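Asks: Residue numbers (this note's numbering), protein chains in the order written: chain W, 1 to 156; chain X, 1001 to 1128. Take this structure first; my questions come after.
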Amino acid sequence: MNEDTRDKVGRSFSEVLEKLAFMFAEPAEADELPAAEGKLVLVAMGFSGHWRGRLELAVPEEMSAELAANVLGLDAGDEAALERSADALKELLNVACGSILTTLAGDQPVFDLSVPKVAALPPEAWAAMRDDPETLRFVLEDRPALLRLHVQEGPA
Amino acid sequence: MAYNVLVVDDSATVRAVIRKTLSLAGVEVGEFHQAANGQEGLEALKGRWIDLVFADINMPVMTGIEMVERMAADGMLKSVPVIIVSTEGSATRIEQLKAKGVSAYIRKPFTPELLRSVVDEVMAGKGA
């Protein structure tokens, strides 16, 4: 991914986060990221059509509850926010994926998006993703977040 | 005038967000019904008076597109307006949806003002 594409992907993700959850993501280098504490989760989804690929987002699990609370307009500790934390994370990735693909490919190509899936992410897998040159790194409300886009060029 | 609304989306969060945004937008809602996929949406439409449907595209079991196609083939349901609320930004896809009978398309994320504007436009077209 060249710098221009990385910049577009990063800005698109930040804009979606801001509009959807009133949260702000600052781009960061690997050595500037806060420590990843507690359980870590990976949410991932695929896309096909004009291009085929996959978008992944890794965050500390506690961030997903805060995300859900912001999206739903609830307090961070609200039980409804906790119950919907994984669902909110999937929705964030879903909206970000649509936005990033339109930003990169324009509004004419058609993409089919898969349903996002959430899984626990072991610390070693977090470290590998953090250090992958293709990964975009963010500081999100004082916590680390990793975003990675794989694109296979050409029609699927 | 209060509208009976059905929201069809596999995300409970999105269903809650649409309900909250309708309230913030000042759209009066009478009955609020929800379904997690197109099949459940069709079942929710049976035997109920629904003024307006909000539906996602990508859902398990039955997509929003298939639900719209089945509604268009049903004499009782084909006049119920459907607003697609989705992440997809393809103009080509939006035109395809409108050709299938979708009344309007809202791309996520959206504001209460946009939602209100689209609802007013769609329901005015219905003669509401």
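Glycine included, each C-beta is placed from N, C-alpha and C at the ideal position. Since the structure is predicted, the reported quantities are computational estimates derived from the model, not experimental observations.
How many whole angstroms separate the CB atoms of V1014 of chain X and E83 of chain W, which I take to be in contact at a CB cut-off of 8 angstroms?
Replies: At roughly 14 angstroms, the Cβ-Cβ gap does not stay under 8 angstroms, so V1014 of chain X and E83 of chain W are not in contact.
Asks: Considering only DSSP beta bridges, list what P144 of chain W is partnered with.
Replies: DSSP lists W:V139 as partners of P144 of chain W.
Asks: List, in order along the chain, the chain W residues whose C-beta lies closer than 8 angstroms to that of D1074 of chain X?
Replies: Within chain W, no residue comes near D1074 of chain X; the closest Cβ sits about 26 angstroms away, beyond 8 angstroms.
Asks: Indicate the three-state DSSP secondary structure (helix, strand or coil) for P1109 of chain X in the structure shown.
Replies: Three-state DSSP puts P1109 of chain X in coil, outside helix and strand.
Asks: Are the CB atoms of R1044 of chain X and L1006 of chain X nearer to each other than 8 angstroms?
Replies: Residue identity check: residue 1044 of chain X is Ala in the sequence provided, not Arg. Result yes, Cβ atoms of A1044 of chain X and L1006 of chain X sit closer than 8 angstroms.
Asks: Within the 8 angstroms Cβ cut-off, does G1127 of chain X reach chain W?
Replies: In this prediction, G1127 of chain X has a pLDDT of 48, which is less than 50 and means its spatial position is unreliable; what the coordinates show is noted afterwards. No, because no Cβ of chain W sits closer than 8 angstroms to the Cβ of G1127 of chain X.
Asks: According to the neighbour-count rule (16 or more other Cβ atoms, all chains shown, within 10 Å of its Cβ), is S1011 of chain X buried or exposed?
Replies: With 16 or more Cβ atoms within 10 Å of its Cβ, S1011 of chain X is classed as buried.
Asks: Would you mind working out which of W:G53, W:A80, W:G38, W:Q152 sits nearest E62 of chain W, comparing C-alpha positions?
Replies: Taking only the C-alpha atoms, the option nearest E62 of chain W is W:G38.
Asks: Is any beta-carbon of chain W found at less than 8 angstroms from that of P1112 of chain X?
Replies: Chain W contact via Cβ: absent.
Asks: Between V110 of chain W and R1116 of chain X, how many whole angstroms is the CB-CB distance? I'm expecting something under 8 angstroms.
Replies: Actually they are not in contact, since the Cβ atoms of V110 of chain W and R1116 of chain X sit about 29 angstroms apart, beyond 8 angstroms.
Asks: For A44 of chain W, list the residues DSSP reports as bridge partners.
Replies: According to DSSP, which records beta bridges pairwise, A44 of chain W is partnered with W:E56, W:K117.
Asks: When the Cα atoms are used, what is the spatial distance from S48 of chain W to D1051 of chain X?
Replies: Roughly 34 angstroms separates the two Cα atoms.
Asks: Counting only runs of 4+ residues fully inside the region 1020-1059 of chain X, write out the alpha helix (DSSP H) ranges in chain order.
Replies: Listed in chain order, they are 1038-1045.
Asks: Going along the region 1010-1031 of chain X in order, which residues come within less than 8 angstroms of chain W, judged by CB to CB distance?
Replies: For the region 1010-1031 of chain X, which is checked against every Cβ of chain W, the residues closer than 8 angstroms are D1010, S1011, A1012, T1013, V1014, A1016, V1017, K1020.
Asks: Give me, in chain order, the residues of the same chain whose beta-carbon lies closer than 8 angstroms to that of I1083 of chain X; leave out the 5 immediate sequence neighbours on both sides.
Replies: For I1083 of chain X, where only same-chain residues beyond five positions count, the Cβ hits under 8 angstroms are L1052, V1053, F1054, A1055, V1102, S1103, A1104, Y1105, I1106, V1118, V1119, V1122.
Asks: List, in chain order, every chain X residue whose beta-carbon is nearer than 8 angstroms to that of R54 of chain W.
Replies: Simply none; closest approach about 15 angstroms.
Asks: Please check if any C-beta of chain W sits within less than 8 angstroms of the C-beta of G1089 of chain X.
Replies: Interface residue, yes.
Asks: Out of W:A21, W:R130, W:L146, which has the shortest C-alpha to C-alpha gap to A76 of chain W?
Replies: That would be W:A21, whose Cα lies nearest to the Cα of A76 of chain W.
Asks: Could you spell out the range, first to last residue, of the beta strand (DSSP E) harbouring V1102 of chain X?
Replies: Unbroken run through V1102 of chain X: none, as it is neither H nor E.
Asks: Could you tell me whether the region 8-21 of chain W touches the region 93-109 of chain W, where touching means 3 or more Cβ pairs closer than 8 angstroms?
Replies: Flag = yes, the region 8-21 of chain W and the region 93-109 of chain W touch.
Asks: Chain X partners of D107 of chain W, CB-CB under 7 angstroms?
Replies: Here the neighbours are G1089, S1090, A1091.
Asks: List, in chain order, every chain X residue whose beta-carbon is nearer than 8 angstroms to that of G98 of chain W.
Replies: S1086, T1087, E1088, G1089, R1107, K1108, listed in chain order.
Asks: Under a three-way DSSP split, which group does S99 of chain W fall into?
Replies: S99 of chain W: helix per DSSP, three-state reduction.
Asks: Determine the contact status of L72 of chain W and A65 of chain W, defining contact as a CB-CB distance below 8 angstroms.
Replies: No, the Cβ-Cβ distance between L72 of chain W and A65 of chain W is not below 8 angstroms.
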